[in-house]
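In the working numbering, the protein residues as written are 72 to 467.
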């Protein structure tokens, strides 16, 4: 087995549990690891630190999956790790039954479940996976077998083609990898029913990470006029409508997504409250003049890399400015960022700048993060990617 030896000064994060080995941290690579092959990671003195999978040419050549030198990374290992992830969700009450049943959630959260490069979301008895490294791709059969053992009747692969190309493998031409083909992913979240067409292309098909914030928006919505900007399939809009909002406007520039939002509102008996618009959210915000009591801004990722961070902060400040102008004084603005490169402090500063430009003050009353089915290792700060600010907007 090939051995990756770290440079002095680069050991502590890996020793403490950080799963990534950056290229600049590597002193030597002893042996000839293949793309996706197994390697051992050692410190400058040769002390074992972990075992993981190698990605040729990547800025992160190794992602560690095991810390025990005796670990065997075989089919049984993957079955055990994935079963442990499922047990963690069971401890969280997922899936759940009853009036507020939830049958859609994240089953495997990559580094958070000690399986870097693997994402699995569950939609009832259909499972959608993303294989984000060559190492996970090489062990695809073991992963599929493990999911089938958990009861998966259908398994889809939605690995982004750009990721596959960067990792040196061909993206799958057909998404279906197990079971019978589906036209829709059917699931429930907190008792709300969803039917999501397979062709919807956002991540695995849904944003499970915002479940907790959607529940909070539902609590805040009573008697309010609500704007759900960047609505996608209208999940925040549904929550607000069920929470007693007098009117909800759901806006997204994607025609297919907003059509799903329309059908979902009807399926849940909320179509009289929710107005859906196919429109750029920025245009809706620009046209609004303190028209809403509660505004939710959950844009797509604006900083996919650290190099995009400064431009993203400018964009967040502008978005916050428009959001403040659209929110009546005394109302509530929710500003979200799913960019790991934008931390909570930076997002809060963008909100402050935007509020100032809008002639308002923003008082942050709550801070939210990704849900518990998206766990984060204490050693892996980068895993806390989702941040949301709930702010009361007042006059200056």
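Using N, Cα and C, we set each Cβ at its ideal position, and we do this for glycine too.
With distances taken between CB atoms, is the gap from residue i to residue j smaller than 8 Å?
i           : j           : result
residue 435 : residue 397 : no
residue 474 : residue 404 : Nothing about residue 474 can be read from this structure; the chain reaches only from 72 to 467.
residue 350 : residue 322 : yes
residue 189 : residue 214 : yes
residue 183 : residue 410 : no
residue 121 : residue 143 : no
residue 328 : residue 304 : yes
residue 99  : residue 116 : no
residue 440 : residue 422 : no
residue 156 : residue 136 : no
residue 205 : residue 240 : yes
residue 418 : residue 458 : yes
residue 255 : residue 268 : yes
residue 252 : residue 290 : no
residue 134 : residue 91  : yes
residue 195 : residue 174 : yes
According to DSSP, simplified to helix, strand and coil, what is residue i?
i           : result
residue 399 : strand
residue 153 : helix
residue 269 : coil
residue 218 : helix
residue 420 : helix
residue 334 : helix
residue 73  : strand
residue 131 : coil
residue 316 : coil
residue 238 : helix
residue 394 : helix
residue 174 : coil
residue 159 : helix
residue 524 : Shown here, the chain extends from 72 to 467; a query on residue 524 therefore has no answer.
residue 111 : strand
residue 123 : strand
residue 83  : helix
residue 414 : coil
residue 304 : coil
residue 208 : helix
To which residues does DSSP link residue i through a beta bridge?
i           : result
residue 349 : 323
residue 475 : Here the chain comprises residues numbered 72 to 467, so residue 475 is not present and cannot be evaluated.
residue 228 : 200
residue 99  : 76
residue 298 : 320, 366
residue 434 : 463
residue 179 : 191
Could you tell me how far apart the beta carbons of residue i and residue j are, in whole angstroms, since I believe they sit closer than 8 Å?
i           : j           : result
residue 331 : residue 311 : The pair is not a contact, with the Cβ atoms about 17 Å apart (cut-off 8 Å).
residue 470 : residue 226 : Residue 470 cannot be examined here, being either before or after the span of the chain that is shown, 72 to 467.
residue 356 : residue 300 : 6 Å
residue 279 : residue 164 : The pair is not a contact, with the Cβ atoms about 14 Å apart (cut-off 8 Å).
residue 228 : residue 248 : 5 Å
residue 402 : residue 464 : 6 Å
residue 412 : residue 379 : 7 Å
- Query: Do the stretch 336–353 and the stretch 258–278 meet, that is, are 3 or more Cβ pairs less than 8 Å apart?
  - Reply: yes
- Message: Count Cβ pairs between the stretch 115–135 and the stretch 86–105 that sit closer than 8 Å; are there 3 or more?
- Response: yes
- Per the contact definition of three or more C-beta pairs closer than 8 Å, is the stretch 416–431 in contact with the stretch 386–397? yes
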